[in-house]
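Chemist: Chains as they are written, first to last, in the working numbering: chain A, 941 to 1136; chain B, 941 to 1136. Structure incoming, see below.
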């Protein structure tokens, strides 16, 4: 079969943005990237996803100004994926999807990341998780404080959905922005934000 | 010639950490990474270098759990290289070395980064440049406000060393931490930091 301009679907690099989950067209990551871009365009917040850390082991230099990575490996991030600035405050969060219907497995968050979340909370940053239950299409913001509290008071290996329903904040799907998590940040951290 | 364990110098991947500059053993980046690690260990600040953004174009999967990047390209960062949290405040900076003796060329900082610095300053973050003049071994912290002011009031393509001497803050070399830039941050932004 011939595709326009010789582009074949199998040549499209596999990235998290084009993996298709269940009922949704877009991943949480893609939704958040669009939402963060919207916030920037609106001059509202400057929050970015950090690039994935990669250990580069081979590079070729076909010319003086060009470098091509020939071998590299994905590394585990030691911090969370997103951070930035909103109304004078440091914002930091991790975003995860789960395909499970009734709980969020804690092995989604590495020990280094848990340590990082604790440090940010203690040092006065705003830190949280955004967790999407893909099958029921519900996205929650869970405060870092409540996440740490759960880990300290439970021996469970996953956070049940009902804990989110009772302790976290549902982020409603929107059009612009798709995932308006700063609306929730305004609600729950409003007192510490610099409103002009 | 035979090297121990068959390791030849030419096989060592070329990274910014092992490029050897003039009189110094370590690059500014390596010095800052060590300093930031020291700050974290001392529970003082949580500031990290963002990974270099890489556009991945080929990945192979030799097994279900393993992914090897087979082709990738370095991308220009749209923000600064370092950010994090210190005493409740958002910290953001770019670090650059120059081998010139009398000025710092502005083409070291991309237009997207200049835009980013402006946004961070306007929205109440602490933002600055750390510039090292390698040949004279002097490292300066230049406030984002003063950097933007220079760009707006000059048509020059570089910032002269005397501008740094008059408007920026010399960061003295140390042992632990090597580049104690937070000491300067305390001096010049002390009023907005959360001291406990």
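Just so you know, even glycine gets a beta-carbon here, dropped at the ideal spot from N, CA and C. Because the structure is a prediction, the values reported are computed rather than measured.
Quick one: Cα of residue 931(B) to Cα of residue 1083(B), how far?
Modeler: Residue 931(B) lies beyond the stretch modelled for chain B, which goes from 941 to 1136, so this question has no answer here.
Chemist: Going by DSSP in three states, residue 1030(A) sits in which element: helix, strand or coil?
Modeler: Position 90 of the first chain, counting from 1, holds the residue named residue 1030(A). In the structure shown, residue 1030(A) sits in a strand (DSSP, three-state: E or B).
Chemist: On the three-state DSSP scale, how would you describe residue 1012(B)?
Modeler: As a first step, residue 1012(B) must be located in the second chain, where it is residue number 72. Of the three classes helix, strand and coil, the one that applies to residue 1012(B) here is strand, per DSSP.
Chemist: Taking the straight line between their C-alpha atoms, what separation do you get for residue 1108(B) and residue 990(B)?
Modeler: If you number the second chain from 1, residue 1108(B) lands on position 168. If you number the second chain from 1, residue 990(B) lands on position 50. Cα-Cα distance, rounded: 24 Å.
Chemist: Suppose you measure from the CA of residue 961(A) to the CA of residue 1068(B); what does that come to, to the nearest Å?
Modeler: Counting from 1 along the first chain, the entry for residue 961(A) is found at position 21. Counting from 1 along the second chain, the entry for residue 1068(B) is found at position 128. Residue placement at residue 961(A) cannot be trusted, given a pLDDT of 40 that sits under 50; what the coordinates show is reported in the next sentence. Whole-angstrom Cα-Cα distance: 41 Å.
Chemist: Taking only runs of the beta strand (DSSP E) that begin and end inside the stretch 1037-1081 of chain A, which ones reach a length of at least 3 residues, in chain order?
Modeler: With a minimum length of 3 residues, the continuous beta strand (DSSP E) runs that stay inside the stretch 1037-1081 of chain A are 1043-1045, 1066-1073.
Chemist: Looking only at its chain, what residues have a beta carbon closer than 6 Å to the beta carbon of residue 999(B), apart from the 5 residues adjacent to it on each side?
Modeler: Position 59 of the second chain, counted from the start, is the residue given in the question as residue 999(B). Counting only Cβ-Cβ distances below 6 Å, and skipping sequence neighbours, we find 1007, 1009.
Chemist: Quick check: residue 1052(B) and residue 1018(B), are their CB atoms within less than 7 Å of each other?
Modeler: Here the question's residue 1052(B) lines up with position 112 in the second chain. Here the question's residue 1018(B) lines up with position 78 in the second chain. Against a cut-off of 7 Å, the Cβ pair of residue 1018(B) and residue 1052(B) comes out as a contact.
Chemist: Indicate whether residue 1031(B) and residue 1025(A) have their beta-carbon atoms separated by less than 7 Å.
Modeler: Residue 1031(B) sits at position 91 when you count from the first residue of the second chain. Residue 1025(A) sits at position 85 when you count from the first residue of the first chain. Contact flag unset, no.
Chemist: For chain B, find out if any of its Cβ atoms is closer than 7 Å to the Cβ of residue 1049(A); answer yes or no.
Modeler: By 1-based counting over the first chain, the position of residue 1049(A) is 109. No - not a single Cβ of chain B is within 7 Å of the one on residue 1049(A).
Chemist: So the candidates are 1074(B), 1076(B), 1100(B), 1054(B); which of them puts its Cα closest to the Cα of residue 1044(B)?
Modeler: Here residue 1044(B) refers to the residue found at position 104 when the second chain is read from its first residue. Closest by alpha carbon: 1100(B).
Chemist: For residue 1002(A), would you say it is in contact with chain B, using Cβ-to-Cβ distances shorter than 7 Å as the test?
Modeler: If you number the first chain from 1, residue 1002(A) lands on position 62. No, because no Cβ of chain B sits closer than 7 Å to the Cβ of residue 1002(A).
Chemist: To the nearest angstrom, report how far apart residue 1112(A) and residue 1035(B) are at their CA atoms.
Modeler: Here residue 1112(A) is taken as the residue at index 172 of the first chain, counted from 1. Here residue 1035(B) is taken as the residue at index 95 of the second chain, counted from 1. Those two C-alpha atoms are separated by around 39 Å.
Chemist: How would you write the range of the beta strand (DSSP E) that residue 972(B) sits in, first residue to last?
Modeler: The count along the second chain starts at 1 and reaches residue 972(B) at position 32. Unbroken run through residue 972(B) is the alpha helix (DSSP H), 968-981; no beta strand (DSSP E).
Chemist: Going straight from the alpha carbon of residue 1123(B) to that of residue 1040(A), what length do you get?
Modeler: In the second chain, the residue the question calls residue 1123(B) occupies position 183. In the first chain, the residue the question calls residue 1040(A) occupies position 100. Rounded to the nearest angstrom, the two C-alpha atoms are 48 Å apart.
Chemist: If we count the other Cβ atoms within 10 Å of its Cβ and call it buried at 16 or more, is residue 1073(A) buried or exposed?
Modeler: The residue labelled residue 1073(A) in the question sits at position 133 within the first chain. Residue 1073(A) should be labelled buried.
Chemist: Our contact map puts residue 1125(B) next to residue 975(B) with C-beta atoms below 8 Å; I'd like the distance itself, whole angstroms only.
Modeler: Walking along the second chain from the start, residue 1125(B) turns up at place 185. Walking along the second chain from the start, residue 975(B) turns up at place 35. Not confirmed; about 12 Å, so no contact.
Chemist: Shorter than 7 Å from the beta carbon of residue 956(B) to some beta carbon of chain A?
Modeler: The residue labelled residue 956(B) in the question sits at position 16 within the second chain. Confidence is the limiting factor: at residue 956(B) the pLDDT is only 46, short of 50, which leaves the residue's position unreliable, though a coordinate-based value still follows. Not closer than 7 Å to any Cβ of chain A, the Cβ of residue 956(B) fails to qualify, so no.
Chemist: Chain A partners of residue 991(B), CB-CB under 9 Å?
Modeler: Numbered from its first residue, the second chain carries residue 991(B) at position 51. Those are 990, 991, 992, 993, 994, 1015, 1017, listed as they occur along chain A.
Chemist: Between 1057(A), 1096(A), 1056(A), 1080(A), which has its C-alpha nearest residue 1047(A)'s C-alpha?
Modeler: Sequence index remark: in the first chain, residue 1047(A) carries index 107 (1-based). Answer by Cα proximity: 1096(A).
Chemist: Check for me: the beta strand (DSSP E) holding residue 1109(B) runs from which residue to which?
Modeler: If you number the second chain from 1, residue 1109(B) lands on position 169. Unbroken beta strand (DSSP E) run through residue 1109(B): 1109-1111.
Chemist: For residue 985(B), which residues of its own chain have a beta-carbon under 8 Å away from its beta-carbon, when the five flanking residues on both sides are left out?
Modeler: Locating residue 985(B) in the second chain gives position 45, counting from the first residue. Excluding sequence neighbours, residue 985(B) sits near 976, 979, 1024, 1025, 1026, 1027, 1031, 1122.
Chemist: Under the DSSP definition of a beta bridge, which residues are partnered with residue 1023(B)?
Modeler: Translated into positions along the second chain, residue 1023(B) becomes position 83. DSSP lists 988(B), 1032(B) as partners of residue 1023(B).
Chemist: I'd like to know whether the C-beta of residue 1028(B) is nearer than 7 Å to at least one C-beta of chain A.
Modeler: As a position in the second chain, residue 1028(B) is number 88, starting the count at 1. Interface residue, yes.
Chemist: Taking 7 Å as the CB-CB cut-off, is residue 1114(B) touching chain A?
Modeler: Sequence index remark: in the second chain, residue 1114(B) carries index 174 (1-based). Chain A contact via Cβ: absent.
Chemist: Can you tell me where the alpha helix (DSSP H) holding residue 998(B) begins and where it ends?
Modeler: What you label residue 998(B) is simply residue 58 of the second chain in a count that begins at 1. It is not in any alpha helix (DSSP H) - residue 998(B) instead sits in the beta strand (DSSP E) that spans 994-1003.
Chemist: Excluding the 5 residues preceding and the 5 following residue 1037(A) in the sequence, name in chain order all residues of the same chain whose CB lies nearer than 6 Å to its CB.
Modeler: Counting from one through the first chain, the residue named residue 1037(A) turns up at place 97. These residues qualify, in order along the chain: 968, 1072, 1074.
Chemist: Is there a Cβ of chain B sitting closer than 7 Å to that of residue 1039(A), yes or no?
Modeler: Along the first chain, read from residue 1 onward, the residue named residue 1039(A) stands at position 99. No - not a single Cβ of chain B is within 7 Å of the one on residue 1039(A).
Chemist: Going by DSSP, name the residue or residues bridged to residue 1132(B).
Modeler: Translated into the one-based positions of the second chain, residue 1132(B) becomes position 192. Bridge partners of residue 1132(B): none, in fact.
Chemist: Is it buried or exposed, residue 1132(A), if we count other Cβ atoms within 10 angstroms and call 16 or more buried?
Modeler: Translated into the one-based positions of the first chain, residue 1132(A) becomes position 192. With fewer than 16 other Cβ atoms within 10 Å, it is exposed.
Chemist: What in chain D is Cβ-close to residue 1011(A), meaning under 8 Å?
Modeler: The structure shown contains no chain D; its protein chains are A and B.
Chemist: Does any residue of chain A bring its CB to less than 7 Å from the CB of residue 1063(B)?
Modeler: As a first step, residue 1063(B) must be located in the second chain, where it is residue number 123. It does; some Cβ of chain A falls within 7 Å.
Chemist: Which first and last residues belong to the alpha helix (DSSP H) in which residue 1084(B) is found?
Modeler: The residue you call residue 1084(B) lines up with position 144 of the second chain. Its alpha helix (DSSP H) spans residues 1084-1093.
Chemist: For a quick check, are the C-beta atoms of residue 1012(B) and residue 996(B) less than 7 Å apart?
Modeler: Counting from one through the second chain, the residue named residue 1012(B) turns up at place 72. Counting from one through the second chain, the residue named residue 996(B) turns up at place 56. Yes.
Chemist: Would you mind working out which of 1089(B), 970(B), 1050(B) sits nearest residue 1103(B), comparing C-alpha positions?
Modeler: The residue labelled residue 1103(B) in the question sits at position 163 within the second chain. For residue 1103(B), the nearest C-alpha among the options comes from 1089(B).
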